[in-house]
Amino acid sequence: MAGRSGRTISTDRKRYTKGFFSSWEFVLVILFVAINIFCKIISQNYTAANVLREMPKYLSEMFLLFPMAYILLLGDIDISVGATVCLSATVSCFASNAGFPIGAVVLIGLLTGLACGMLNGLILTVFTELPAMIVTLSTMIIYRGIAEIILGSGGSVSLNDVSGFSALAGMVGLFPYLFFLVLILGVVFTIVSAKTPFGRSLYAIGSNRSAAFYSGIKVQRVRFIVFSITGAMAGLCAVFLTSTLFGANTTTGNGFEMDAIAMAVFGGISAVGGKGRLAGGIISAFIIICLRIGLGEINMNPQVILIILGILLISAVLAPNISTKIKEKKQVLARK
Amino acid sequence: MNEQTPEKKKSLWNCITASREVSLLLVLIVLCALIGIRSPEFLTISNIGEILKNNAVIMIMALGMLCVLLTGGIDISITSTLAFAGMTVGMLFKYKLIQSTGLGFLIAAAIGAMCGAIIGAAIAYGGVASIIAAMGGMYIFRGLAYLVANSQWAGADALGSFTNFALSSNLGFGVINNVIVITILCYVIFFIVLKWTKFGRSIYAIGSNRTAAAISGIHVARVEFLVYVIMGLLAGFCGALSVTIYSSAQPNMVLGKEMDVIAACVIGGVSMSGGSGTVGGALLGALILSVIAKALPLVGIDAIAQNTVKGVIILAVVILNVVTKRMMDRSNLERRKL
Chain W
1 MAGRSGRTIS TDRKRYTKGF FSSWEFVLVI LFVAINIFCK IISQNYTAAN VLREMPKYLS
61 EMFLLFPMAY ILLLGDIDIS VGATVCLSAT VSCFASNAGF PIGAVVLIGL LTGLACGMLN
121 GLILTVFTEL PAMIVTLSTM IIYRGIAEII LGSGGSVSLN DVSGFSALAG MVGLFPYLFF
181 LVLILGVVFT IVSAKTPFGR SLYAIGSNRS AAFYSGIKVQ RVRFIVFSIT GAMAGLCAVF
241 LTSTLFGANT TTGNGFEMDA IAMAVFGGIS AVGGKGRLAG GIISAFIIIC LRIGLGEINM
301 NPQVILIILG ILLISAVLAP NISTKIKEKK QVLARK
Chain Z
1 MNEQTPEKKK SLWNCITASR EVSLLLVLIV LCALIGIRSP EFLTISNIGE ILKNNAVIMI
61 MALGMLCVLL TGGIDISITS TLAFAGMTVG MLFKYKLIQS TGLGFLIAAA IGAMCGAIIG
121 AAIAYGGVAS IIAAMGGMYI FRGLAYLVAN SQWAGADALG SFTNFALSSN LGFGVINNVI
181 VITILCYVIF FIVLKWTKFG RSIYAIGSNR TAAAISGIHV ARVEFLVYVI MGLLAGFCGA
241 LSVTIYSSAQ PNMVLGKEMD VIAACVIGGV SMSGGSGTVG GALLGALILS VIAKALPLVG
301 IDAIAQNTVK GVIILAVVIL NVVTKRMMDR SNLERRKL
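So this is what it looks like as structure tokens:
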């Protein structure tokens, strides 16, 4: 029930039944086209080649979007992902400097992230009374704190040998490897959430946790898996981030959790759980990335981009709510 | 007589575990005593005053956060609001547009209230989830702070007489520092409002059961809106306050400290799902957090490990909370069996 209903523009179910054209995703596609036209107008340099060259910087954040969407669907939240990225990036940088081959370094980064995610999941499933917000808040402080300890007084580390990580940042023609990986993962995550029992149980848990429990869904196991996946994806994000930054410091991954949540919510995934589709989140992520690149091309102050993002985020949730309210009022008036 | 002794012990133990504030107070006293034994200079009056002054901003904002958490919401935009208000005041002083200290605080509080009103309207009247609205506000206000700053900052010389406020103690009759007086004042006001006024009780009512509150005639949306306005007002006020305390205004002021404010509330026993929590708890939570932060270097924990220790302590406190609650529930059940 709740799973099928992504955010729809119209509440008038008779005329628009499940039509793509009335869906939030359609609005996002239009917005995406509009943003691209807008960027093209304001900047001469907004070309496909330039956009694709700039993209890897932002694309790695999308690894966080997919699992974050799952977590939001569950009705939970994870604000420790940015800190997990920081810790994983730090550990993999040190592993690379210690002379491990790139394959092992990637594995170490992934496992570090996985361990962080599993710890979150373990605490949340053993002490189910605790809200995810406060647990991930404290683990956020802990993970970043551990990274600070590892980094030492200098607060940063840079790679001695960048050849391995440069290979990760390679391109196929115009497209970076990262782009394909994000696309593949995006498709996998979308299909899993829409078509598999596991994916549907996310919606069930998010809509009504006790109902899901009594209908035989292993709620805590699903939560544990999702939080562990989130950690692993944060590790993946860290590895690719390192391949563009060639190092890590105490501020690596700062605010990533907020960006991931913003992308998901802007894509129509409800922050209270059970509603939304991953496709919307992916489109909205590309909207935000294109906007950032476009405004970056004309050397717009990054703070203005922050303000625009904030306004977009609030209005994306506000606009449908207000239109629903107005329609309800009209219906009431009409009945009178 | 012999039979009564265990009974009495049990009641004392119950008294400690039943009241969150009493157990927190005990933790605070034990903590202070332990640190005091380790390093005697910790318990001097000047040191305690210094701790209170340096954490006044967190302590005051914990009051607003308490109200927000009581309604079942959350506000992570507060430090951005603080930076925006503080930066604006700093710039106004820098360019000699205002001179009086009172006006500085007034403007900062007004800006904060306005920021709070924007978020509050979106949450209370627009039906936006509080975390989302607050996140948007966090981006917007921090961005505005940078825009106002325009890659400048205001130092002690630019702020002039404004910095004197945090140094003098004319409000405290020459004995207590102004900042501490204001903190105490805020706590007294909030204690009274939350305990004995209609508005205060309706905040609790909304957090406990929103539908019941609405049916019993409370204007849920209006109260919720006002809560965020109050939070913004306090954050704005703290913007001016932190400018005087640290005698500098920078756009990246207190970045990330909203987590400290939430942590102070949670340690103080404020429920994240709304409806339970007290002013005393928030105060003790904030005090414990600030004592720990101050004490770690004194007991020889490296400055670099402080964040980790802080995180572990927060996590331990929340988990301990759950464990004691479970134990209490179990013992209550057993008593019923007998």
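Residue numbers (our numbering), protein chains in the order written: chain W, 1 to 336; chain Z, 1 to 338. Ideal Cβ placement from N, Cα and C applies to all residues, glycine included. Keep in mind that this is a model prediction, so the values were computed, not measured.
Item                                                                                                                    : Value
Closer than 9 Å to chain W by CB, Met91 (chain Z)                                                                       : no
Beta-carbon separation (whole angstroms), Lys53 (chain Z) vs Val179 (chain Z), contact threshold 8 Å                    : 5 Å
Residues of the stretch 302–313 of chain W whose Cβ lies closer than 9 Å to any Cβ of chain Z, in chain order           : Pro302, Gln303, Val304, Ile305, Leu306, Ile307, Ile308, Leu309, Gly310, Ile311, Leu312 and Leu313
Limits of the alpha helix (DSSP H) - the one that Gly200 (chain Z) falls within                                         : Lys198 to Ser208
Where Ala247 (chain W) falls: helix, strand or coil (DSSP)                                                              : First, the amino acid is wrong: residue 247 (chain W) is Gly here, not Ala. In the structure shown, Gly247 (chain W) sits in a strand (DSSP, three-state: E or B).
Closest Cα partner of Gly64 (chain Z) within the set Z:Leu226, Z:Lys325 and Z:Asn321                                    : Z:Leu226
Paired residues, beta bridge with Met171 (chain W) - DSSP                                                               : W:Pro176
Where Asn2 (chain Z) falls: helix, strand or coil (DSSP)                                                                : Residue placement at Asn2 (chain Z) is flagged as unreliable, the pLDDT there being 45, under the threshold of 50; the coordinate-derived value follows with that caveat. DSSP places Asn2 (chain Z) in coil when its eight states are reduced to three.
Rounded C-alpha distance that separates Arg4 (chain W) from Ala285 (chain W)                                            : Annotation note: pLDDT 46 at Arg4 (chain W) (below 50); position unreliable, coordinate value reported separately. Roughly 21 Å between the two C-alpha positions.
Span of the alpha helix (DSSP H) around Ser201 (chain W)                                                                : Pro197 to Ser207
8 Å contact criterion, which Leu395 (chain Z) and Gly239 (chain Z) should meet: CB distance rounded                     : Chain Z is shown only over 1 to 338; residue 395 (chain Z) falls outside these bounds and no answer can be derived.
Proximity test, Cβ basis, 9 Å: Arg142 (chain Z) and chain W                                                             : yes
Opening and closing residue of the alpha helix (DSSP H) in which Ser248 (chain Z) lies                                  : No alpha helix (DSSP H) contains Ser248 (chain Z), which DSSP labels as neither H nor E.
Residue-level contact to chain W via CB, Lys325 (chain Z), 9 Å cutoff                                                   : yes
Pairwise C-alpha distance: Leu137 (chain W) and Val157 (chain W)                                                        : 25 Å
Where the stretch 219–241 of chain Z meets chain W: residues whose CB sits under 9 Å from a CB there                    : none
Leu245 (chain W) versus W:Gln303, W:Met140 and W:Leu159, residue with shortest Cα-Cα distance                           : W:Leu159
Burial state of Lys310 (chain Z), where buried means 16 or more other Cβ atoms lie within 10 Å                          : buried
Ala271 (chain W) at chain Z interface by Cβ criterion, 9 Å                                                              : yes
Selected residue, minimal CA-CA separation from Pro40 (chain Z), among Z:Ala145, Z:Met135, Z:Leu298 and Z:Val254        : Z:Leu298
Start-end ranges of the beta strand (DSSP E) lying completely within the stretch 133–174 of chain W, minimum 3 residues : 156–158
Buried/exposed call for Asn307 (chain Z), threshold 16 Cβ in 10 Å                                                       : buried
Proximal residues of chain W, C-beta to C-beta of Ile74 (chain Z) below 8 Å                                             : Met133
Residue interval of the alpha helix (DSSP H) (run including Tyr125 (chain Z))                                           : That residue, Tyr125 (chain Z), is in no alpha helix (DSSP H); it is neither H nor E in DSSP.
Outcome for Ser290 (chain Z) when other beta-carbon atoms lying within 10 angstroms are tallied against a minimum of 16 : buried
Reduced DSSP category for Ser193 (chain W) - H, G, I as helix; E, B as strand; rest coil                                : helix
Where the alpha helix (DSSP H) through Gly75 (chain W) begins and ends                                                  : Segment: none, Gly75 (chain W) is in no alpha helix (DSSP H) and carries neither H nor E.
Val181 (chain Z) at chain W interface by Cβ criterion, 9 Å                                                              : no
Cα-Cα separation between Ala263 (chain Z) and Ile134 (chain W), rounded to whole angstroms                              : 8 Å
Residues from the stretch 151–164 of chain W in contact with chain Z, defined by Cβ distance under 8 Å                  : Gly152 and Ser153
For Ala271 (chain W), three-class secondary structure by DSSP                                                           : coil
Backbone secondary structure at Ser5 (chain W) - three-state DSSP                                                       : Interpretation of Ser5 (chain W) is limited by its pLDDT of 47, a score under 50 that renders its predicted location unreliable; the figure taken from the coordinates is listed afterwards. Note: Ser5 (chain W) maps to coil in three-state DSSP.
Nearest candidate by alpha-carbon position, reference Met62 (chain W), set W:Gly294, W:Leu185 and W:Lys325              : W:Leu185
Sub-9 Å separation of Leu151 (chain W) and Thr250 (chain W) beta-carbons                                                : yes
Environment of Val323 (chain Z) [buried if 16+ CB atoms lie within 10 Å]                                                : exposed
Contact set for Lys40 (chain W): own chain, Cβ-Cβ below 7 Å, skip 5 residues either direction                           : Tyr46
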